[in-house]
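Colleague: Using our numbering, the letters of the sequence shown map in sequence onto residues -14 to 342.
Using N, Cα and C, we set each Cβ at its ideal position, and we do this for glycine too.
Small disclaimer: the values here were computed from a predicted structure and weren't measured.
Dropping a structure here in structure tokens format, bear with me for questions.
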Amino acid sequence: METAFTELVGVRYPIVQTGMGWVAGPRLVSGAANAGALGILASATMTVEELRAAVREVRARVPEGTPFGVNLRADAGDAAERVRVIVDEGVRVASFALAPSRELIARLKDAGVVVVPSVGARRHAEKVAAWGADAVIVQGGEGGGHTGEVATTVLLPQVVDAVDIPVVAAGGFRDGRGLVAALAYGAAGIAMGTRFLLTSDSTVPDAVKAHYLRATVKDITVTTAVDGLPHRMLRTELVASLERAGRARTLARAVRHAAGFRRTSGLSWAQMVRDGLAMKHGKDLSWSQVLLAANTPVLLKASMVQGRTDLGVMASGQVAGVIEDLPSCAELVSRVMAEARQTLEALQSLHALPPPE
Ligand SMILES: Cc1cc2nc3c(=O)[nH]c(=O)nc-3n(C[C@H](O)[C@H](O)[C@H](O)COP(=O)(O)O)c2cc1C
């Protein structure tokens, strides 16, 4: 199945495994890439040197020339160094959680890197398209992690109509029906986060994956209690208590968690604050915002790496409520493509019916 996106990036299938902090490491990314999808490494939770090592590890795990990507934060203090790693190491795609500047886009494109920012609103898509982005991933509100308010079914056609670069649909996808539906809306592919988190190639601890599998659609919520931004995640006792706590107690808790986490992880305060800064938008941050933001990767790491669902948050799309298994990336991608083919055939037979009287 060839689309404008598969041609642009050189992947076999119009499927993207998105960059997810602490989740999208070399094992998941190489699993997705070997399955014919575009795997994207999440770099916001890595140091620059860890990023370089992760890129090399992916390369060692895939056949030469297999495309993959790196997700980074355009506003990170060391974004320029990260871009250098992407360019030096010949990474095919740069993906951004927030809109990159015109200059950054130009620099990457001059070096032959395909630039694919993620957006959650039409005007952001228009802006990055005007600045030269090669494609956009558009995430509807049902998607996991930091998310917007507008559902994929409304946002996607709005963005498709507004820009003339390939649009990849994200937020709520898990199967071949979804892929065909996205193509029908005019997208050039789908991007999935939660569905790839729930594969056997993902390094998330099994007990944590079991939480996701148990969740129903009603167990997934959007909260601003973690870092002040709308964040979609599994509803847990920790999330409920953060919501009950109010700002002052949330801050106190953030300090306690950060202190406890620092002791067990061996991270320095400077490193933790840098992680936090990398999670926030502007440069005009109060210390309380920095602290809360610094707490987000800490809380995510507690679950995704350390398996402490009592101490951490589990970012999740609504789609976790209808996911029930842990296929490998290869099984998942071939299943999605087989379902897409069946769906297209079923639609063709519908087309063959005589028109209604
Ligand atoms: C655990 C988790 C961590 C995430 N971390 C990031 C991140 O670091 N950068 C980013 O751009 N998006 C992040 N996201 C959002 C995903 O990349 C993706 O856009 C989203 O999961 C798509 O919706 P879906 O979960 O319904 O497939 C994260 C999502 C999840 C579930």
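Any heavy atom of ligand 1 closer than 7 Å to the beta-carbon of residue 182?
Modeller: Within the sequence shown, the letter at position 197 stands for residue 182. Yes - ligand 1 has a heavy atom lying nearer than 7 Å to the Cβ of residue 182.
Colleague: Under the criterion of a Cβ to heavy atom distance below 7 Å, does residue 8 qualify as lining ligand 1?
Modeller: Position 23 of the sequence shown holds residue 8. Checking the Cβ of residue 8 against ligand 1 gives yes.
Colleague: Identify, in the order they occur along the chain, each residue of the same chain with its Cβ nearer than 6 Å to the Cβ of residue 43, setting aside the five sequence neighbours on each side.
Modeller: Stepping through the sequence shown from its first residue, residue 43 is reached at position 58. Excluding positions up to five away in sequence, the list reads 11, 14, 15, 53.
Colleague: Since residue 329 is in the alpha helix (DSSP H), which residue starts that stretch and which ends it?
Modeller: Here residue 329 corresponds to residue number 344 of the sequence shown, with the count starting at 1. 314 to 337 is the span of the alpha helix (DSSP H), which, as asked, contains residue 329.
Colleague: Relative to the C-alpha of residue 7, which residue among 181, 166, 19 is closest?
Modeller: Here residue 7 refers to the residue found at position 22 when the sequence shown is read from its first residue. Of 181, 166, 19, the residue nearest in Cα terms is 181.
Colleague: Going by other Cβ atoms of all chains shown within 10 Å of its Cβ, with 16 needed for buried, is residue -13 buried or exposed?
Modeller: One-based indexing of the sequence shown puts residue -13 at position 2. Exposed is the call here.
Colleague: How far does the alpha helix (DSSP H) with residue 179 in it extend, from its first residue to its last?
Modeller: The residue given as residue 179 occupies position 194 in the sequence shown. Residue 179 -> alpha helix (DSSP H) spans 179 to 182.
Colleague: For residue 336, I'd like the list of residues in its chain whose CB is within less than 8 Å of its CB, leaving aside the five on either flank, ordered along the chain.
Modeller: Here residue 336 is taken as the residue at index 351 of the sequence shown, counted from 1. Within the same chain, residue 336 has no close Cβ partners at all.
Colleague: My guess is that residue 105 and residue 137 are in contact by the Cβ rule of under 8 Å, so how many angstroms apart are they, rounded?
Modeller: Translated into the one-based positions of the sequence shown, residue 105 becomes position 120. Translated into the one-based positions of the sequence shown, residue 137 becomes position 152. Contact flag wrong, Cβ pair sits at about 10 Å.
Colleague: Is there at least one non-hydrogen atom of ligand 1 closer than 7 Å to the beta-carbon of residue 158?
Modeller: Residue numbering aside, residue 158 sits at position 173 when the sequence shown is read from its first letter. Answer for residue 158: yes, Cβ within range of ligand 1.
Colleague: Between residue 207 and residue 217, which are expected to be in contact by the criterion C-beta below 8 Å, what is the C-beta distance as a whole number of angstroms?
Modeller: For this step, residue 207 is matched to residue 222 along the sequence shown. For this step, residue 217 is matched to residue 232 along the sequence shown. Confirmed, Cβ separation roughly 5 Å.
Colleague: Would the C-beta of residue 19 count as close to ligand 1, meaning under 7 Å from any of its heavy atoms?
Modeller: As a working mapping, residue 19 is identified with position 34 in the sequence shown. No, the Cβ of residue 19 stays beyond 7 Å of every heavy atom of ligand 1.
Colleague: Quick check: the Cα distance between residue 73 and residue 228, rounded to an integer number of angstroms?
Modeller: Position 88 of the sequence shown, counting from 1, holds the residue named residue 73. Position 243 of the sequence shown, counting from 1, holds the residue named residue 228. Each residue's alpha carbon lies about 44 Å from the other.
Colleague: With three or more beta-carbon pairs closer than 8 Å as the criterion, would you say the segment 24 to 38 touches the segment 60 to 68?
Modeller: With a cut-off of 8 Å, the segment 60 to 68 and the segment 24 to 38 count as touching, because enough Cβ pairs lie within range.
Colleague: Here's a check: name, in chain order, each residue in its chain whose Cβ is nearer than 7 Å to the Cβ of residue 268, leaving out the five neighbours to either side.
Modeller: Position 283 of the sequence shown, counted from the first residue, corresponds to residue 268. Residue placement at residue 268 cannot be trusted, given a pLDDT of 44 that sits under 50; what the coordinates show is reported in the next sentence. If we look at residue 268 and ignore the five residues flanking it on each side, it has no Cβ neighbours.
Colleague: With DSSP as the reference, identify every bridge partner of residue 54, one or two as the case may be.
Modeller: Here residue 54 refers to the residue found at position 69 when the sequence shown is read from its first residue. Beta-bridge pairing links residue 54 to 25, 78.
Colleague: In the DSSP assignment, find the alpha helix (DSSP H) that holds residue -9 and state where it starts and stops.
Modeller: What you label residue -9 is simply residue 6 of the sequence shown in a count that begins at 1. Counting along the chain, the alpha helix (DSSP H) containing residue -9 begins and ends at -11 to -6.
Colleague: Quick one: residues in its chain with C-beta nearer than 6 Å to the C-beta of residue 293, no 5 flanking neighbours on either side, listed in chain order?
Modeller: The residue you call residue 293 lines up with position 308 of the sequence shown. For residue 293, where only same-chain residues beyond five positions count, the Cβ hits under 6 Å are 287.
Colleague: Using CA atoms only, rank isn't needed, just tell me which of 45, 85, 20, 134 is closest to residue 99.
Modeller: Taking the sequence shown and counting its residues from 1, one reaches residue 99 at position 114. Out of 45, 85, 20, 134, 85 has the C-alpha closest to the C-alpha of residue 99.
Colleague: Can you give me the Cβ contacts of residue 196 inside the same chain, cut-off strictly under 7 Å, excluding the 5 residues immediately before and after it?
Modeller: Your numbering for residue 196 matches position 211 in the sequence shown. Excluding residues within five positions, the ones whose Cβ falls inside 7 Å are 219, 294, 299.
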